[in-house]
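In this note's numbering, the protein residues as written are 1 to 218. Quick notes on the structure that follows.
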Ligand SMILES: Nc1nc2c(c(=O)[nH]1)N[C@H]1C(S)=C(S)[C@@H](COP(=O)(O)O)O[C@H]1N2
Ligand SMILES: [Mo]
């Protein structure tokens, strides 16, 4: 990450200080036991189930674009080349679906949401994010969760391009929340002052979705 020395006490400075103190286990071996890694009410699977609204958009790389806007200083629309020119990071994380399956040790490649935040610079009043998929899906997350150290826009899983069924060319990944917050086929990221329910949230799912406190439904 570049050190662009933001003004003292800006929102970005405070975020970076918090990020620096978190020290999540985003790469390498997870020191917890398999049981310690399993949130309440979840069971472990080895395959990777596919869940969506039943429409899987076919987005060619040539027409793929990611628009990042709303309450930001520098809105941007990234085409595939611009997205791939951003710092590429490899992480490993577990995923937890609200339908009760969890899958451990997924290897991801993509762009950290923090690098996207560095690019667009969220305004002081931005506090929530709405993610948009090419299938019309939306989901909302608090900015602090979107900015988590392990959160990314990923394009590869286990070293291979993300399949269309799992959200390729690129999807959001916020591994510390239930997987419905990780929008597949992402096309838009909107910064907002107030929270706004997305597709499943309108239908009773939780506004935050922390698997460790079983924030399944509201
Ligand atoms: N664009 C989009 N993203 C989406 C969904 C969707 O229908 N459309 N479904 C969500 C739900 S409910 C889940 S559980 C996960 C499933 O991701 P997977 O199919 O890769 O396991 O994607 C989430 N992201
Ligand atoms: Mo889901």
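Glycine residues also receive a C-beta, built at the ideal position from the N, C-alpha and C atoms.
Reference residue i; option with closest CA among the options
{"i": "residue 117", "options": "148, 105, 163", "result": "148"}
{"i": "residue 63", "options": "44, 134, 88", "result": "134"}
{"i": "residue 220", "options": "201, 212, 195, 188", "result": "Since the displayed the chain opens at 1 and closes at 218, residue 220 lies outside it and no answer follows."}
{"i": "residue 97", "options": "190, 183, 88, 128", "result": "183"}
{"i": "residue 123", "options": "140, 68, 50", "result": "68"}
{"i": "residue 115", "options": "132, 144, 152", "result": "152"}
{"i": "residue 104", "options": "206, 176, 146", "result": "176"}
{"i": "residue 120", "options": "155, 70, 144, 130", "result": "70"}
{"i": "residue 174", "options": "205, 142, 192", "result": "142"}
Proximity test, residue i beta-carbon vs ligand 1 heavy atom, cut-off 7 angstroms
{"i": "residue 155", "result": "no"}
{"i": "residue 50", "result": "yes"}
{"i": "residue 96", "result": "no"}
{"i": "residue 69", "result": "no"}
{"i": "residue 218", "result": "no"}
{"i": "residue 145", "result": "no"}
{"i": "residue 275", "result": "Beyond the ends of the chain as shown, which are 1 and 218, falls residue 275; an answer cannot be given."}
{"i": "residue 182", "result": "yes"}
{"i": "residue 167", "result": "yes"}
Check: residue i C-beta below 7 angstroms from any heavy atom of ligand 2
{"i": "residue 138", "result": "no"}
{"i": "residue 99", "result": "yes"}
{"i": "residue 131", "result": "no"}
{"i": "residue 185", "result": "no"}
{"i": "residue 179", "result": "yes"}
Residue i to residue j span [Cα, whole Å]
{"i": "residue 102", "j": "residue 37", "result": "9 angstroms"}
{"i": "residue 213", "j": "residue 30", "result": "20 angstroms"}
{"i": "residue 72", "j": "residue 125", "result": "9 angstroms"}
{"i": "residue 39", "j": "residue 211", "result": "6 angstroms"}
{"i": "residue 18", "j": "residue 180", "result": "Confidence at residue 18 is low in this model, with a pLDDT of 47, below 50, so the placement of that residue is unreliable and no value is reported for it."}
{"i": "residue 158", "j": "residue 106", "result": "7 angstroms"}
{"i": "residue 81", "j": "residue 195", "result": "31 angstroms"}
{"i": "residue 168", "j": "residue 190", "result": "20 angstroms"}
{"i": "residue 94", "j": "residue 48", "result": "11 angstroms"}
Status (buried if at least 16 other CB within 10 Å, exposed otherwise) for residue i
{"i": "residue 78", "result": "buried"}
{"i": "residue 44", "result": "exposed"}
{"i": "residue 91", "result": "buried"}
How do the segment 156–167 and the segment 92–112 stand: do at least 3 beta-carbon pairs fall below 8 angstroms, yes or no?
yes
Pairing CB atoms from the segment 131–146 with CB atoms from the segment 193–209, are three or more of them under 8 angstroms?
yes
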